[in-house]
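All residue numbers for the sequence shown refer to the numbering used here, where the first residue is 11 and numbers rise by one.
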Amino acid sequence: PAVHLPSDMQQFEVLWHNLSYNIPKKLKDLLFPAQIRTNILHNISGHFRSGEVTAIMGPSGAGKSTLLEIICGRRVRGVVGEVRIRGVDEVKIGFVPQDNYLLELLTVKETLVFASKLINHKLSGYEHNSIADKTINRFGLEKISETRVNRCSGGQRKRLSIALEIISKPNILILDEPTTGLDSPSCTHVLNILHELAANKTSPVAVVATIHQPSVALFNAFHSIYILTSKGKCIYHGLPRQLVPTMARVDVACDPYTSPADFIIEIAAGDFGPTPIKKLVDVADTDTDRLERLTTQDSRLLLSALTVHKYPFFRHLWLLWLRSQILIYRDPFLTILRLVMCVFSAVSLSILFGREIGKTSGCPPRPVELYATPLD
11 PAVHLPSDMQ QFEVLWHNLS YNIPKKLKDL LFPAQIRTNI LHNISGHFRS
61 GEVTAIMGPS GAGKSTLLEI ICGRRVRGVV GEVRIRGVDE VKIGFVPQDN
111 YLLELLTVKE TLVFASKLIN HKLSGYEHNS IADKTINRFG LEKISETRVN
161 RCSGGQRKRL SIALEIISKP NILILDEPTT GLDSPSCTHV LNILHELAAN
211 KTSPVAVVAT IHQPSVALFN AFHSIYILTS KGKCIYHGLP RQLVPTMARV
261 DVACDPYTSP ADFIIEIAAG DFGPTPIKKL VDVADTDTDR LERLTTQDSR
311 LLLSALTVHK YPFFRHLWLL WLRSQILIYR DPFLTILRLV MCVFSAVSLS
361 ILFGREIGKT SGCPPRPVEL YATPLD
């Protein structure tokens, strides 16, 4: 269902029309051409809005992650077409990768405090702690706030990764496979958090996530779904509850005891041949005229609307050094191992060269003795 936001809130929409992506060719590809697919996305169109949670689905290799990286500006070369935004002049984008890149020796609260200090350099220490505490309460991490990250479960780590991006208050939150490796309750918890972020009354967020084989309940919880085929074409974009009627329109009947999400993925993978894919692509293309009109009216490039902030270099350097010292202190084994390796290297060189170090026959020779050596 559509989300109805307060009338005083400024809503925005991100659109792309006839977007394609080809893998940039390198010199070795020209000299030694390989039989690999270079066209990842093929003339796709779509959109998502603030206040909604959109799922991008498709079989492996369909280009889901590539589309996310194009939207957030991580891929520029090889892109044909534009991603535009309408409704706002400036936006912030938060990106949560599939893998959790967390410092495992920091506690949950320390992780959030350091993130706040790196982003909001003008705030006081009390305010940074307050931001961390509010974020912990918001994501249900109160019981593990003083627990080190390496002792947290997969679902707790995923919530922490999302919380790190939320500290910067993004307008667009992009997540790559946020439910991969999580059990059903953890998936539901993560999706509930995404819905709360999207429905925020003060600053609604546009949430876009790739997802792989969701359950029926999880599938129906999204506001809209965007499905790609194995060849990078869009075959459906709309409400989850309209997927089965849309497939019925093109004579593709979904068994009532079969998950619509699993069934459409099998179609997108080509298990039922090219005919149903072609019919669904034709149905999905009926909305491209509207998108083409919107991309030329009252819209601007998404990359040009991104907010860029400058941060003090020396303050960042100090915070990173301080954080590294905490990590070194909490991992004495690694520190001792590094010290032992340094001593071992020094002793090994001494045994190998002995008193010959610095002489002509040693390593390295002294400059004076080098030039004083008679030439034959």
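Idealized CB from N, CA, C, for every residue including glycine.
Along the chain, where does the beta strand (DSSP E) that runs through Tyr31 open and close?
-> Glu23 to Asn32
Any beta strand (DSSP E) of 3 or more consecutive residues that is wholly inside the segment 41 to 93 | 49 to 59 and 63 to 67
What residue ranges within the segment 261 to 325 form continuous alpha helix (DSSP H) runs of no fewer than 4 residues, ordered along the chain?
-> 270 to 278, 284 to 294 and 298 to 306
Whole angstroms is fine: what's the gap from Val24's alpha carbon to Tyr31's?
-> 18 Å
Between the segment 180 to 190 and the segment 100 to 117, do three or more beta carbon pairs fall short of 8 Å?
-> yes
Once you ignore the five residues that flank Pro16 on each side, which residues in its own chain have a CB closer than 8 Å to its CB?
-> Because the pLDDT at Pro16 is just 41, under 50, the model does not fix this residue reliably, and the value given afterwards should be weighed accordingly. So the list reads Lys211, once near-sequence residues are dropped.
From Leu29 to Gly91, what does the alpha carbon distance come to, in whole angstroms?
-> Whole-angstrom Cα-Cα distance: 5 Å.
Endpoints, the beta strand (DSSP E) within which Val353 is located | Element bounds for Val353: not the beta strand (DSSP E) but the alpha helix (DSSP H), Pro342 to Phe363.
Rounded straight-line distance, which links the Cα of Val159 to that of Met67 | 30 Å
Thr239: which of Val217, Leu332, Phe324 and Ser70 sits nearest, CA to CA?
-> Ser70
Helix, strand or coil at Phe232 according to DSSP, with G and I counted as helix | coil
Tell me, to the nearest whole angstrom, how far the beta carbon of Leu312 is from that of Arg94; I am working on the premise that it is less than 8 Å.
-> 6 Å
Collapsed DSSP secondary structure at Val159 in the structure displayed | helix
Could you tell me which of Tyr236, Ser358 and Val106 sits nearest to Ala271, measuring between CA atoms?
-> Tyr236
Measure the CB-CB distance between Gly88 and Ile33 and report whether it falls below 8 Å.
-> In this structure, the beta-carbon distance from Gly88 to Ile33 falls below 8 Å.
Is the beta carbon of Thr220 less than 8 Å from the beta carbon of Glu187?
-> yes
Is DSSP giving Ile336 helix, strand or coil here?
-> Ile336 falls in the helix class under three-state DSSP.
Provide the residue(s) that pair with Tyr246 in DSSP beta bridges, ordered along the chain.
-> Ile237
Spatial distance of Ile80 from Gln166 (CA atoms) = 28 Å
Where does Thr212 sit, in a helix, a strand or coil, going by DSSP?
-> coil
Burial state of Ile277, where buried means 16 or more other Cβ atoms lie within 10 Å | buried
Can at least three beta-carbon pairs, one atom from the segment 200 to 210 and one from the segment 240 to 253, be found at a separation below 8 Å?
-> no
First through last residue of the beta strand (DSSP E) which encompasses Val98 | Here Val98 belongs to no beta strand (DSSP E), and DSSP marks it neither H nor E.
Throw me the rounded Cβ distance for the Val254 and Lys289 pair, which I believe falls under 8 Å.
-> Not a contact, Cβ separation roughly 15 Å.
Give every residue of the same chain whose Cβ lies closer than 6 Å to the Cβ of Val215, excluding the five residues on either side of it in the sequence, and list them in chain order.
-> Within the same chain, and ignoring the five residues on either side of Val215 in sequence, the residues whose Cβ sits closer than 6 Å to its Cβ are Leu183, Leu207 and Ala208.
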